[in-house]
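Following the working numbering, the numbering of the sequence shown begins with 1477 at its first residue and continues without gaps.
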Amino acid sequence: MKKISSILLLTLFLTSCSNDDNETSANDDIIGYEVTSILDYDDSNLADYKRVTTGILADGKLHSESFEDFVNNISSGPAITVQKYFYSNSLLTHTELSNSYQDNYFYDNQNRIIGAQRYYLDGGSLNYRFIHQSASIVYCERLNLPYNDPNAVVSNRMILNFDENDNVISAGYDNDLDGVIIDLYTYTYADNNLASMQKPDGTVVNYDYSNAIDTWNKLLELSYTKRVLRIICSENYCSGNVFTLKHSKNVDSQAIISEAYEILPNNYFNKRTKVESLYNPNAQLSYETEFFFE
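This is how it looks when you write it as structure tokens:
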């Protein structure tokens, strides 16, 4: 059986201090991005590989990507463009972010997400139902059948409590399906950033951030919406595995040190370079992500 910690966690291709979300001026509008990944060998007998991925937006939201591959800086052929994100009535309804699975999202007549399904191309699926108990409480249930099947059985229920800014302020599993969280995780926020997490045993973890605004997270929220991003990652919030989601407005302090960033005057980062060591000591893999603004 395939297992994931959330329906979204593995799909965000590169993962994703003082301004409110509403304070974006015209030159803060993101119009596209480019990711250059390079596999570089010191050995001249081995070819170097590069892929240039160009992100194409539609109405300011994630839409398509084009890919062009190079060997020793010589193109292997024309770029191929593939639509990755699909919308209906401005709501994200379908994504194709992997060669092994695709995701579907379903909404009610109030535009609230009520179901999700990840189906694997070689068979099998993960099914979720989302019940909006109130404006601030959402039940997130993993099912054995699609969300709208009357015979669906709940295998896990997670409860999310939101504040007025669509931040998850507490979460946990409801093992008995009685509306009571067993092990409660609580979260605090400052300036649209996750400031701290308190675990069920009382341990508190604090998080620090730079002044750089996380441009990729901004694009995700424009495409999925902030609340939907958190609902489909409910299992992460209920297990305390949230920091890796990069759901905060700003880039965390550790990332700003370990990776190279170029920051614009409006505090958005427009370029990020990340270098990874490989098993081969004579090779390295680097990613350069560049965003373009209007």
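Cβ atoms here follow ideal geometry from the backbone N, Cα and C, with glycine treated the same way.
- Each of Tyr1661, Ile1635 and Val1528 was checked against the Cα of Thr1679, and the nearest Cα belongs to Tyr1661.
- The beta carbon of Lys1560 sits closer than 8 Å to the beta carbons of Leu1538, His1539, Ser1540, Glu1541, Thr1571, Glu1572 and Leu1573 from its chain, once the five residues preceding and following it are set aside; these are given in chain order.
- Three or more beta-carbon pairs separated by less than 8 Å link the stretch 1580-1600 to the stretch 1617-1627, which places the two stretches in contact.
- The continuous alpha helix (DSSP H) containing Lys1702 extends over residues Lys1702 to Ile1707.
- Going by DSSP, Tyr1713 is part of the alpha helix (DSSP H) stretching over Ser1710 to Ser1715.
- Bridge pairing for Leu1670: Tyr1665 [DSSP].
- Residue pairing by DSSP places Asp1545 opposite Arg1527 in a beta bridge.
- For Gln1559, the enclosing beta strand (DSSP E) covers residues Ile1556 to Gln1559.
- In the three-state reduction of the DSSP assignment, Glu1764 falls in the strand class.
- Non-local beta-carbon contacts of Ser1699 in its own chain, meaning distances under 7 Å to residues more than five positions away in sequence, involve Lys1537, Leu1538, Tyr1561 and Leu1568 in chain order.
- By the neighbour-count definition (other C-beta atoms within 10 Å, threshold 16), Glu1697 is a buried residue.
- Beta-bridge annotation (DSSP): Gly1591 is paired with Phe1582 and Arg1605.
- Check the Cα spacing between Tyr1685 and each of Ser1724, Ile1635, Leu1522 and Ala1759: the tightest is with Ser1724.
- Counting other Cβ atoms within 10 Å of its Cβ, Ala1666 stays below 16 and is therefore classed as exposed.
- Buried is the label assigned to Glu1617, since at least 16 other Cβ atoms lie within 10 Å of its Cβ.
- Note that the C-beta distance between Cys1714 and Tyr1663 is not below 8 Å.
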